[in-house]
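Q:
There are 2 protein chains.
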Amino acid sequence: MDNFTFYSPTWFQFGKDAEALTGACVKKFGGKKALLHYGGGSVVRSGLLDRVKKSLDAEGISYVELGGAKPNPLSGKVYEGIELARKEKVDFVIGIGGGSAIDSSKAIAFGALYDGDFWDFYDGTQGQVQESLPIGVVLTLAATGSEASTDAVITNENGMYKRCADGDVLRPKFAIMNPELTCTLPPYQTASGAFDMLSHCMERYFSHTPEVEFTDRLLEACMLTILKEGKRAMLEPDNYDARANLMWCGTISHNNVTGVGRAQDWGTHHMENELSTHYGCSHGAGLAILTPSWMKYAMKTQGTERFVMFATRIFGCQMDYEHPEATALEGIERLQVFIKDVLKLPTTISEIGGKMEDVPELARSMFHGAPNHGNFVKLTPEIAEEIYRAAME
Amino acid sequence: MDNFTFYSPTWFQFGKDAEALTGACVKKFGGKKALLHYGGGSVVRSGLLDRVKKSLDAEGISYVELGGAKPNPLSGKVYEGIELARKEKVDFVIGIGGGSAIDSSKAIAFGALYDGDFWDFYDGTQGQVQESLPIGVVLTLAATGSEASTDAVITNENGMYKRCADGDVLRPKFAIMNPELTCTLPPYQTASGAFDMLSHCMERYFSHTPEVEFTDRLLEACMLTILKEGKRAMLEPDNYDARANLMWCGTISHNNVTGVGRAQDWGTHHMENELSTHYGCSHGAGLAILTPSWMKYAMKTQGTERFVMFATRIFGCQMDYEHPEATALEGIERLQVFIKDVLKLPTTISEIGGKMEDVPELARSMFHGAPNHGNFVKLTPEIAEEIYRAAME
């Protein structure tokens, strides 16, 4: 096991009607004037925004609003938010929505305190984010884990490429998590969220670091939960307990308590960024398309051991001691069945509009200003092309 | 799943030589003058105390010292520490050692800011602790989870009874966790620590709250790790990775990420307090003695379902569908084998010097000023007596 630090200071307010405590949470962390950032649509229609405002009013916290956060959030909206945050002198930024509204809020929150261009933290000009306005979250989607993570993923509109900024100060001060808010999600979003969190586990599980029994077991706990509760949430969208288990699991799958002390991969996530950017699929759908092909490549080049563990412990495959690679492959096949039959997500790039001739451009774009991707499998443009091609049809 | 809040803001500095960063951690959280509290003995002899002081010196942090924290820490030492903390105007309290030094440090830290008697937070005069000097920890024993918990257990010398204070402010600001420091522990302490953390999982696992799949799975992850790495640590005390997995597992087993959204029991812990107080055994040994008897009583009165889960998922027992109670009992038997043959802990109260005629006094003392114990099994003095008697020989 490697040395590590772990720090997850977010206050989680979890359960039915939790959004009524948004104002109390802002007050707890010293906020007086907040920028509310959200997508629009369902946050407004469902009355959630009004309930959040009511709770802020009750605590005497003033606010300004910025709607229009999009899936795969864009740099332009961040600049708009930074300008508004500065002009209105807010001391808190609250993201209301899923990972997109939250990541956009995070970028606004640290961008507002930074003299230069916030993109400096995305293109390598600056290192980790060191300073930020405090961030709060009202979560409406169990998926990205951004409610507890150090990350903020933004797409640069000037070239349409997705990058990630990172820093302990980007962990939200509080996260309001009401599973009821996720009961009305369309199946595609539920499924995409479930696969995103499964991928957060897999990016950590496939590691060469030896002697990581405990985090292996925690990751398996998360993955088993996603398989069970993801399926229930698809079959019974209104099932509060399925939604609640999935939501808390999404947080723990990505606050890194499961990933400390070990190398992590993240190659599939980086490859996926190109799919959602180029074809407009959800992040989770893009991951579902790529993951089995990545696994087959990884198994071939890095050995079957971890894939056999995955097959037996997660999908309950019987170990074939004479042919462990058959067991490993069976695990991947069962994952594909879960993706297709349970989550009903696409399984090929062509299904989302990609063509074989796009592959070189996907790989080029992925490595644009970012030379290193992956760890368990150290990706090169050639390897990325091979995996993209395998996932094409 | 029940509504909940979760808040674990401790900075964990984990790995080899981590104690060299004690000074940096105090500085990070704004400390200028610390009270160092420890037991003595190995903390001094091993050179750990000197290394901690050196790291404080390097950051210009001054300190005063208070040794003499005992296993099952006593109220007298807390009063002494409170007086010293006030006189020296320290702004940080650092516990160096296992759960005892840490809990004693926590009580000193909040007692120093409280005008009345710190015991008010133990006897029900006051509720949760709301204010405390910041607490830091240099952990030398994987066991109590106090490095991340909200608890501080102290024994009142005036009557020799153990009680627990609680509050979010008792979560340490930082915890220095170097698994190397645990490699020299005597087997009895290693085993006691391992069983204490196993018990932290079991107190949460045996719950009537329905639909808690995710925390069930997390608890199973912890328990499987304790069985594997606890055994390795007993057989190969110097095995760094066994110690490291066990240490991180001890923290996560008790920071409550595994226990949110569900009722928890804690009856065995309360019963155990009497054994360690009356007979001077370690807390973990007392828990090992009582747990199988508690389980048999609980199974008989609360149904076999959770005990069958425990048997099949933790000890790999084959399910007997015709006789589920046989499966449940087999799980308890395998736990007893683990306690006796792997951990080499005592299995009866008589082994630690107890006699059948002590039982009424144990039960009386347990309920002294504390009428409610247990949740999965709601204990009465009569039920406690029955379990004590079953564990006697």
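Residue numbers (our numbering), protein chains in the order written: chain A, 285 to 677; chain B, 285 to 677.
For each residue, glycine too, the CB sits at the ideal point set by N, CA and C.
1) Is there a Cβ from chain A that is less than 9 Å from the Cβ of LYS512/B?
2) With a 10 Å radius around its C-beta and 16 neighbouring C-beta atoms as the bar for buried, classify PRO470/B as buried or exposed.
3) What is the residue span of the beta strand (DSSP E) that PRO293/B lies within?
4) By the DSSP assignment, the beta strand (DSSP E) with GLU349/A in it spans what residues?
5) Given a cut-off of 9 Å on the beta-carbon distance, is the pair LEU574/A and ILE438/A in contact?
6) Between which two residues does the alpha helix (DSSP H) containing LYS390/B stretch?
7) Just to confirm my understanding: we take GLU415/B, look at its own chain, exclude 5 residues before and 5 after, and list those with CB closer than 8 Å. What are they?
8) Can you find a C-beta in chain B that's less than 9 Å from the C-beta of VAL453/A?
9) In chain order, what residues of the same chain lie with their CB nearer than 7 Å to the CB of LEU305/A, ignoring the 5 residues before and after it?
10) Using C-beta distances below 6 Å, list every residue in its chain close to LEU519/A, excluding the 5 sequence neighbours before and after it, in chain order.
11) Give me the chain A residues within the contact set of TYR605/B, using Cβ-Cβ distance strictly less than 7 Å, ordered along the chain.
12) Would you report the Cα separation of ALA647/B and ALA353/B, rounded to the nearest angstrom?
13) Helix, strand or coil: which one does DSSP assign to CYS448/B?
14) What number of angstroms, rounded off, separates the C-alpha of PRO682/A from the C-alpha of VAL621/B?
15) Rounded to the nearest angstrom, how far is the Cβ of SER491/A from that of LEU629/A, given a contact under 8 Å?
16) Does any residue of chain B have a CB that is nearer than 9 Å to the CB of MET285/A?
17) What residues in its chain sit with their C-beta under 8 Å from that of PHE313/A, if we drop five residues either side in the sequence?
18) Could you tell me whether the stretch 367-387 of chain B touches the stretch 420-429 of chain B, using the rule of 3 or more Cβ pairs below 8 Å?
19) Alpha carbon to alpha carbon, how far is MET444/A from GLY360/A? Give it in angstroms, no decimals.
20) Verify whether the separation of the beta carbon atoms of GLY514/B and LEU627/B is less than 9 Å.
21) Return no unless some Cβ of chain B is closer than 9 Å to the Cβ of GLY315/A.
22) When the Cα atoms are used, what is the spatial distance from GLN586/B to GLU487/B?
23) Quick one: using the 10 Å Cβ neighbour count with 16 as the cut-off for buried, is ARG546/B buried or exposed?
24) Please decide whether PRO630/B counts as near chain A, where near means a Cβ-Cβ distance under 9 Å.
25) Please check if any C-beta of chain A sits within less than 9 Å of the C-beta of PRO470/B.
26) Is there at least one non-hydrogen atom of the ligand GDP closer than 8 Å to the beta-carbon of ALA449/B?
27) Taking C-beta pairs closer than 8 Å, name the residues in chain A that ALA528/B reaches, listed in chain order.
28) Hey, how far is the Cα of GLU589/B from the Cα of GLU464/A?
29) Any idea if GLU229/A is buried or exposed, counting beta-carbon neighbours within 10 angstroms, 16 or more meaning buried?
30) When we look at the beta-carbon of LYS390/B and count the other beta-carbons within 10 Å, is it buried (16 or more) or exposed?
31) Please list the partners that ALA505/A has in chain B, where partner means a Cβ-to-Cβ separation under 8 Å.
32) Just how far apart, CA to CA, sit ALA582/B and LEU663/B?
33) Rounded to whole angstroms, what's the CA-CA distance from TRP550/A to ASN659/A? Just pull it up for me.
34) Taking THR434/A and GLY451/A to be in contact with their CB atoms under 8 Å, please state how far apart those CB atoms are, rounded to whole angstroms.
35) Is there a Cβ from chain A that is less than 9 Å from the Cβ of LEU758/B?
36) Check whether the Cβ atoms of ALA369/B and GLY323/B sit closer than 9 Å, and answer yes or no.
A: On the basis of the supplied data:
1) yes
2) exposed
3) 288-298
4) First-last of the beta strand (DSSP E) with GLU349/A: 346-350.
5) no
6) 383-395
7) PHE394, LEU397, TYR398 and VAL453
8) Interface with chain B (9 Å Cβ-Cβ cutoff): VAL453/A is excluded.
9) Same-chain partners within the cutoff: GLN297, SER339 and ILE460.
10) none
11) Per Cβ cutoff of 7 Å: no residues; TYR605/B is ~18 Å from chain A at best.
12) 27 Å
13) strand
14) One cannot answer for residue 682/A here, as it falls past the ends of chain A, which runs 285 to 677.
15) Wrong, their Cβ atoms sit about 25 Å apart, outside the cutoff.
16) yes
17) Spatial neighbours of PHE313/A in its own chain (CB-CB distance under 8 Å, excluding positions within 5 residues in sequence) are listed in chain order as TRP295, PHE376, PRO418, GLY420, LYS457 and PHE458.
18) yes
19) 11 Å
20) yes
21) no
22) 14 Å
23) The C-beta of ARG546/B has 16 or more other C-beta atoms within 10 Å across all chains shown, which makes the residue buried.
24) no
25) For PRO470/B, the answer is no, since every Cβ of chain A falls outside 9 Å of its Cβ.
26) Absence of the ligand GDP is noted for the structure shown, with no ligands found whatsoever.
27) MET285, GLU495 and GLY545
28) 28 Å
29) Any answer about residue 229/A is impossible in this case: the structure gives chain A only from 285 up to 677.
30) By the 10 Å Cβ count, LYS390/B comes out buried.
31) PHE498, ARG501, LEU502, GLU504 and ALA505
32) If you take the alpha carbons of ALA582/B and LEU663/B, they lie about 10 Å apart.
33) C-alpha separation (whole angstroms): 7 Å.
34) About 6 Å; that satisfies the 8 Å criterion.
35) Past the edges of chain B, shown from 285 to 677, lies residue 758/B, and the structure says nothing about it.
36) Not a contact, by the Cβ cut-off of 9 Å.
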